[in-house]
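Line order of the protein sequences matches chains Y and E.
Just so you know, we're using this note's numbering here: the first sequence kicks off at 127 and counts up by one.
Just so you know, we're using this note's numbering here: the second sequence kicks off at 973 and counts up by one.
Every residue, glycine too, gets a C-beta built ideally from N, C-alpha and C.
As the structure is a prediction and not an experimental result, all values here were calculated from the model.
Step one of this worksheet: look at the structure below.
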Amino acid sequence: MRTKTAAAVALIVLIAACALGVVIVSGGDRAQSDGDRTLSGGAGTVQDTTANAFALALKNLSSSDRRAFQIGNSFFNRNWVRAPASATGRDGLGPTFNAQSCSSCHFKDGRGRPPSGPRDPERGLLLRLSVAGPDGSPQPVRLYGGQLQDRAINGVPAEGRIRIRHAKRRGSYGDGTPYTLLAPRYDIVDRAFGPLPARVQISPRVAPAVFGVGLLEAIPEQTIVARADPGDRNRDGISGRPNRVPDARSNATVLTEGDAASRRPNRVPDARSQATALGRFGWKANVPTVEQQNAGAFSGDIGITSPIFTDENCPARQRACNRARTGGQPEIDARKLDRVTFYTRTLAVPARRDIGNAPASAGEGRFTAIGCASCHLPKLKTASSGVAGLRDQVIRPYTDLLLHDMGPGLADGRPDGLATGSEWRTAPLWGVGLVRTVNRHTRFLHDGRARDLSEAILWHDGEARTAREHFRKLPARERRELIAFLQSL
Amino acid sequence: MPLKLLVPVVLLAAVALAGCGDGDDRSTVSRDSKAAVAENYANIVFAAYGASVDSAATMRDAIDRFVARPSAARLDAAKRAWLSARDDYVVTEPFRFYGGPIDDPKTGPEGLINSWPMDEAYVDYVDGDASAGIVNDRRRYPEVTQDVIVEANEQGGETNIATGWHAIEFLLWGQDRSKSGPGNRPVSDYANAANAKRRAAYLRLTTARLLSDLRSVRDRWETGDGTYRAAFLADPGEALTKILRGVGALNTHELAGERMAVALDSKDQEDEHSCFSDNTNADVVNDIKGIRMVYRGEYAGTSGASLDSLVSEVDPGLAAALRRQIDGTLAKAEAFPATFERMIAAPSGSADSKALGAVIAALEAQGADLAKAAKALDVTVNFEL
Chain Y
127 MRTKTAAAVA LIVLIAACAL GVVIVSGGDR AQSDGDRTLS GGAGTVQDTT ANAFALALKN
187 LSSSDRRAFQ IGNSFFNRNW VRAPASATGR DGLGPTFNAQ SCSSCHFKDG RGRPPSGPRD
247 PERGLLLRLS VAGPDGSPQP VRLYGGQLQD RAINGVPAEG RIRIRHAKRR GSYGDGTPYT
307 LLAPRYDIVD RAFGPLPARV QISPRVAPAV FGVGLLEAIP EQTIVARADP GDRNRDGISG
367 RPNRVPDARS NATVLTEGDA ASRRPNRVPD ARSQATALGR FGWKANVPTV EQQNAGAFSG
427 DIGITSPIFT DENCPARQRA CNRARTGGQP EIDARKLDRV TFYTRTLAVP ARRDIGNAPA
487 SAGEGRFTAI GCASCHLPKL KTASSGVAGL RDQVIRPYTD LLLHDMGPGL ADGRPDGLAT
547 GSEWRTAPLW GVGLVRTVNR HTRFLHDGRA RDLSEAILWH DGEARTAREH FRKLPARERR
607 ELIAFLQSL
Chain E
973 MPLKLLVPVV LLAAVALAGC GDGDDRSTVS RDSKAAVAEN YANIVFAAYG ASVDSAATMR
1033 DAIDRFVARP SAARLDAAKR AWLSARDDYV VTEPFRFYGG PIDDPKTGPE GLINSWPMDE
1093 AYVDYVDGDA SAGIVNDRRR YPEVTQDVIV EANEQGGETN IATGWHAIEF LLWGQDRSKS
1153 GPGNRPVSDY ANAANAKRRA AYLRLTTARL LSDLRSVRDR WETGDGTYRA AFLADPGEAL
1213 TKILRGVGAL NTHELAGERM AVALDSKDQE DEHSCFSDNT NADVVNDIKG IRMVYRGEYA
1273 GTSGASLDSL VSEVDPGLAA ALRRQIDGTL AKAEAFPATF ERMIAAPSGS ADSKALGAVI
1333 AALEAQGADL AKAAKALDVT VNFEL
């Protein structure tokens, strides 16, 4: 009897699902023609839910622009090789480096994750190193520089290796369901140049997804700055500060290393000695432009010099590093760097899914109601850009690009530009639901410590404490709805 | 009793679900037509990989003879064997790009077989660094073994590109330092030069590895239960998607884009895949022959139902245009006026540069028509990576 009823119910549910499917499809079509909420990245949004979802060009890119995109893609994806090589345009790897190509950390233009152990080949996490200068600003570490490069070409010592250990942090949701978070601790082992200073600051950073950066770059500065509330005058517990960092392009000074911005700390905006700009990229909004981000990563992570960062990043006392052959001056020329910059700028945002789906819709309402949307801004507008698909677009990145204090649990204790040791830039959430498909993991936050989206939320503290507490106290069903919403992005 | 009831209910539900999904009924060509195309394709894949295995074995023999008793004549014979084996391999490139046996994300050996650019200084000496490479690094690599080579290739979790066609090419020809001809590695590198025996071991072992990797790929296309071929043929619709994806991605992304447009844009003389032997022109021609082979369903003695016959069912004009285009592109590439390195280094607007540009444009045009063909066959596929 019970089975009979269950079977009948199953049939009704299946038929209903079938009907609902049709409704969803037509609803989706209507939404699209309105230029509506599925188009997370504006008109250039791509409809793709495969492992290639982050790797596609803006939908409306012209065919000649597509050619430039593909050329940039080649230099993003292919390995750089040791100099001297016959392929003179692709040599100059290292002398020390973290990865051989952009794509080895940003696999399929997506997110990296921390390695699971010493034999895990994953390259998606690196460590910034510094010591506090007299004014508290981060200075490179003697013998090691500003970033740990854990690989090197033959004949040159790698600087050391990352060792990660975890402490468990137990907690429970409001309904009593327990959870465990992993708090990582980082050590550097196999050090080639002896011990690090006792006061060394170590900041772990995973490779973020790359798509959509051209749109974030096209948001007018005043839009971002207008959202700032450094003194929390509206008393919502959320401040939000813009970072201001050196603009390498407009400074005559030559900067090196991936975190060039933080090596020339500038605590006073618009100081006469250096042109500064609004920081938009990097985990602490410590880089002003896509071009500088790319050139910084070429230098710091792959050991490729460019017209922007012209020096190999070999600290003065690393002799073998300084003596090694280079792949020319610079190793990536202006034309190719332009192509790579164009490529990253024009990587499209994947469309949102499940908009008509009940749990995701409920979760979306909850997301706003408990305060997540105060920093993870659902909607922004871009302004001018040389690329039509980036210009004047309504986009849904779920970030305000501002710095927020995230509390002591996430703090790296390392200032960066105007960012304090506990401030981080609001991470964009678009595409977050496709990370599992593209990158086959669900590790989130700046060092990938969160093993899923719920853990990422539970790590929120400081300015986000109130919102996190709301989430923690939600009944299980409502928590699931909120996660379902994030998965739809 | 309840179980009995459940079965028809589930069946009914399954029918209801199938009715609202994308069934085959919407498709413009029959499942049988697709199955015939898949079958002939699989036969061609097996035959083409078979030829590649055979000529790679001949190359292996020539290389073994050369390193056993190095001489200029034997080095030449080894190079000729590489060129001939390379022709047979490149024709198989449209079998890539859909995660088949060649480039299955977990088991496919493509990264060991055909990666580029070659990390020369990682393997052997280069101009300006006489002691570079694993061959000359007795301290770190006391013995050159198969494991050393394969592990070195993967060291640090990335492919260092120290194996495969281009490693063998580099070890036979050496770096190309001239504007007019290929590399010219001296025979003494394998006779009385420093580390000659280690170099010989590297060459022999990487060649043996290439041969065994090619065999493993071919064997998965063999007839029989549990082979990749069996799984491939079991779903003709999916097989058709893969066939189109492979040929289209090679045509548009890999050949027109990655290998030709990128090189032409960079103007780096050695931004060409077979740069040590100056064999890139032949690579281009063989890739186009591979595209033709898949489109027409013809290889050596094997022929049958093909993409061409399917497209002809739904759009005869498009099928004829594609046949014409592919033949025309092939003829243009066969008539290249200069070596690839000279064409990419030539000034924009010169005849040499234009000749290369014309083949890129022809490939892009036929790629657009291949995309139209996919659409006409109701296949959703893109040709980007």
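Only counting the same chain, and skipping five residues up and downstream in sequence, which positions put a Cβ closer than 6 Å to that of residue i?
{"i": "CYS228 (chain Y)", "result": "PHE202"}
{"i": "VAL1211 (chain E)", "result": "Here residue 1211 (chain E) is Ala; the residue named in the question, Val, does not match the sequence. Excluding positions up to five away in sequence, the list reads ALA1010, PHE1204."}
{"i": "HIS596 (chain Y)", "result": "ILE496"}
{"i": "LEU527 (chain Y)", "result": "ILE350, ARG406"}
By Cβ distance, which residues of its chain are closer than 7 Å to residue i, with the 5 residues on each side in sequence left out?
{"i": "GLY1105 (chain E)", "result": "ALA1093, TYR1094, VAL1095, ASP1096, TYR1097"}
{"i": "HIS292 (chain Y)", "result": "LEU308, ALA309, PRO310"}
{"i": "GLN275 (chain Y)", "result": "THR222, PHE223, ASN224, ALA284, GLU285"}
{"i": "ARG465 (chain Y)", "result": "ALA194, ILE197, GLY198, PHE201"}
{"i": "ALA1228 (chain E)", "result": "ILE1332, LEU1335, GLU1336, GLY1339"}
{"i": "VAL371 (chain Y)", "result": "ALA387, THR402, ALA403, GLY405, ASN412, VAL413, PRO414, GLY543"}
{"i": "ARG500 (chain Y)", "result": "Note on identity: in this sequence residue 500 (chain Y) is Ser, with Arg being the wrong assignment. Cβ neighbours of SER500 (chain Y) beyond the five flanking positions: ASP362, ILE364."}
Could you pull the start and end residues of the beta strand (DSSP E) that residue i belongs to?
{"i": "GLN327 (chain Y)", "result": "327 to 332"}
{"i": "THR402 (chain Y)", "result": "402 to 405"}
{"i": "LYS294 (chain Y)", "result": "287 to 298"}
{"i": "ASP1197 (chain E)", "result": "From DSSP, ASP1197 (chain E) is part of no beta strand (DSSP E); its letter is neither H nor E."}
In the DSSP assignment, find the alpha helix (DSSP H) that holds residue i and state where it starts and stops.
{"i": "ARG1190 (chain E)", "result": "1168 to 1192"}
{"i": "ARG370 (chain Y)", "result": "ARG370 (chain Y) -> not in any alpha helix (DSSP H); beta strand (DSSP E) instead, spanning 369 to 372."}
{"i": "TRP550 (chain Y)", "result": "Segment 549 to 551 is the beta strand (DSSP E) holding TRP550 (chain Y); no alpha helix (DSSP H) there."}
{"i": "ARG492 (chain Y)", "result": "484 to 495"}
So which residues of chain Y does residue i contact, with C-beta pairs closer than 9 Å?
{"i": "GLN1147 (chain E)", "result": "PRO210, ALA211, SER212"}
Please state the DSSP three-state secondary structure of residue i.
{"i": "VAL475 (chain Y)", "result": "coil"}
{"i": "PRO395 (chain Y)", "result": "Its pLDDT being 35, under 50, PRO395 (chain Y) is placed unreliably by the model, and nothing is read from it."}
{"i": "ASP313 (chain Y)", "result": "strand"}
{"i": "THR1224 (chain E)", "result": "helix"}
{"i": "VAL1351 (chain E)", "result": "coil"}
{"i": "GLN265 (chain Y)", "result": "strand"}
{"i": "LEU983 (chain E)", "result": "Legend: pLDDT at LEU983 (chain E) = 39, less than 50; position of this residue unreliable, value from coordinates given subsequently. LEU983 (chain E) falls in the helix class under three-state DSSP."}
{"i": "TYR1267 (chain E)", "result": "helix"}
{"i": "VAL149 (chain Y)", "result": "Any answer about VAL149 (chain Y) is weak, because its pLDDT of 33 lies below 50 and its placement is not dependable; what the coordinates show is given next. Here VAL149 (chain Y) sits in helix by DSSP."}
{"i": "THR303 (chain Y)", "result": "coil"}
{"i": "ASP1119 (chain E)", "result": "helix"}
{"i": "ARG202 (chain Y)", "result": "Here residue 202 (chain Y) is Phe; the residue named in the question, Arg, does not match the sequence. Reduced to three states, the DSSP call for PHE202 (chain Y) is helix."}
{"i": "GLU595 (chain Y)", "result": "helix"}
{"i": "PHE223 (chain Y)", "result": "strand"}
{"i": "ARG163 (chain Y)", "result": "coil"}
Given residue i, which residues of its chain have a CB within under 8 Å of its CB, disregarding the five upstream and five downstream residues?
{"i": "PHE233 (chain Y)", "result": "GLY250, VAL564, ASN565"}
{"i": "LEU984 (chain E)", "result": "Any reading at LEU984 (chain E) is ruled out, since the residue's pLDDT is 40, under 50, leaving its predicted position unreliable."}
{"i": "ALA344 (chain Y)", "result": "THR508, ALA509, SER510, SER511, LEU516, ARG517, GLN519"}
{"i": "ALA484 (chain Y)", "result": "none"}
Which residues of chain E have a Cβ atom closer than 8 Å to the Cβ of residue i, listed in chain order?
{"i": "ARG204 (chain Y)", "result": "TRP1088, PRO1089"}
Evaluate residue i with the Cβ neighbour count: other Cβ atoms within 10 Å of its Cβ, from every protein chain shown; 16 or more gives buried, anything less gives exposed.
{"i": "GLU1115 (chain E)", "result": "exposed"}
{"i": "SER1043 (chain E)", "result": "exposed"}
{"i": "SER242 (chain Y)", "result": "exposed"}
{"i": "ASN692 (chain Y)", "result": "The requested residue 692 (chain Y) is not part of the displayed model; chain Y covers only 127 to 615."}
{"i": "ASN1258 (chain E)", "result": "buried"}
{"i": "TYR305 (chain Y)", "result": "exposed"}
{"i": "ASN448 (chain Y)", "result": "exposed"}
{"i": "LYS294 (chain Y)", "result": "exposed"}
{"i": "GLU1123 (chain E)", "result": "exposed"}
{"i": "LYS1006 (chain E)", "result": "buried"}
{"i": "LYS1051 (chain E)", "result": "buried"}
{"i": "ARG471 (chain Y)", "result": "buried"}
Residue i versus chain E: which residues are under 7 Å apart at the beta carbon?
{"i": "ILE197 (chain Y)", "result": "ALA1233, VAL1234, ASP1237"}
{"i": "SER200 (chain Y)", "result": "GLU1230, VAL1234"}
Going along chain E, which residues have a C-beta under 9 Å from residue i?
{"i": "ASN280 (chain Y)", "result": "ALA1093, TYR1094, ALA1104, GLY1105, ILE1106, ASP1109, ARG1112"}
Run through chain Y and tell me which residues come within less than 7 Å of residue i, C-beta to C-beta.
{"i": "ILE1074 (chain E)", "result": "Simply none; closest approach about 18 Å."}
{"i": "GLU1356 (chain E)", "result": "LEU182"}
Give the interface partners of residue i over in chain Y, defined as CB-CB distance under 8 Å, in chain order.
{"i": "PHE1248 (chain E)", "result": "SER212"}
{"i": "ALA1098 (chain E)", "result": "A small fix is needed here, since residue 1098 (chain E) is Val in this sequence, not Ala. Neighbours of VAL1098 (chain E) on chain Y, chain order: PRO210, ALA211."}
{"i": "ASP1101 (chain E)", "result": "PRO210, ARG451"}
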